[in-house]
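Read through the structure below, which is laid out as structure tokens, and then see the notes.
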Amino acid sequence: MPTIFAPRRLLLLSILTAVLAGCGANRNPLEVTIQRCPAAAFVDETANWVEFAGDDLTADQVVFDAMLSNLELTCNQDTQVESVVSFDVSVRGGPALDGPVEVTLPYYVVLLRDNSVIAAKKTYEVTFILDPDAPRAGSRETVRQVIDDIERTRRYDYELLIGFQMDPAAVAYNELR
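Numbering (mature numbering (1 follows the signal peptide of the UniProt record, and there is no 0)) for the sequence shown: -21 to -1, 1 to 156.
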């Protein structure tokens, strides 16, 4: 009887060995690929903007509110690191919107090094026309950031931070909201 099962065991062992060898033949489980692309994020305190008609910070005094959303980052790395960040800016009229108004919203993109040093900052603007009959508007914004020397990215960690360029009172309002 043992001679009958020996060929089956040998066949099973051969198949099992081939399957296991095929699963890992081209991969090194210890190989690490390092990406030099910066992380991207909205700054919570400046990702929303609320404009009031007066000094009364109540819901019925809101002229418009705006927000940043749908952040996407694509990155190419060769001798330099090129990051392209895209996001939506949407604005909605509030109860105090009493006629057509042009809304220009400045926003910034900061390249932050090691979570503390501003390596680059640029401010952009997006403009909308709001009307009580058309109280919503939006735009897809795209910004390109290049780190010229990939060696620099090996020494430091980088982040791209995006937010509305606001005065301190507006930031304080967002922190309390």
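No residue lacks a Cβ here, since even glycine has one placed at the ideal position from N, Cα and C. Source: prediction; values computed, not measured.
Val60 to Arg123 span [Cα, whole Å]: 11 Å
DSSP beta-bridge partners of Leu90: Ala99 and Leu139
Leu36 beta carbon less than 9 Å from that of Ile141: no
Where Leu36 sits in the DSSP three-state scheme: coil
Euclidean distance between Cα positions of Pro111 and Pro74: 9 Å
Close-in-space but distant-in-sequence residues of the same chain around Val64 (CB under 6 Å, 5 per side omitted): Ala19, Leu52, Val122 and Leu139
Beta strand (DSSP E) segment containing Val29, residue limits: Asn27 to Phe31
Proximal residues to Leu84 (C-beta, below 8 Å), its chain only, five neighbours per side dropped: Trp28, Ala45, Val68, Val70, Glu104, Val105, Thr106, Phe107 and Phe143
Residue span of the beta strand (DSSP E) that contains Ala45, given as start and end: Val41 to Gln56
Straight-line Cα distance separating Ile126 from Asp93: 14 Å
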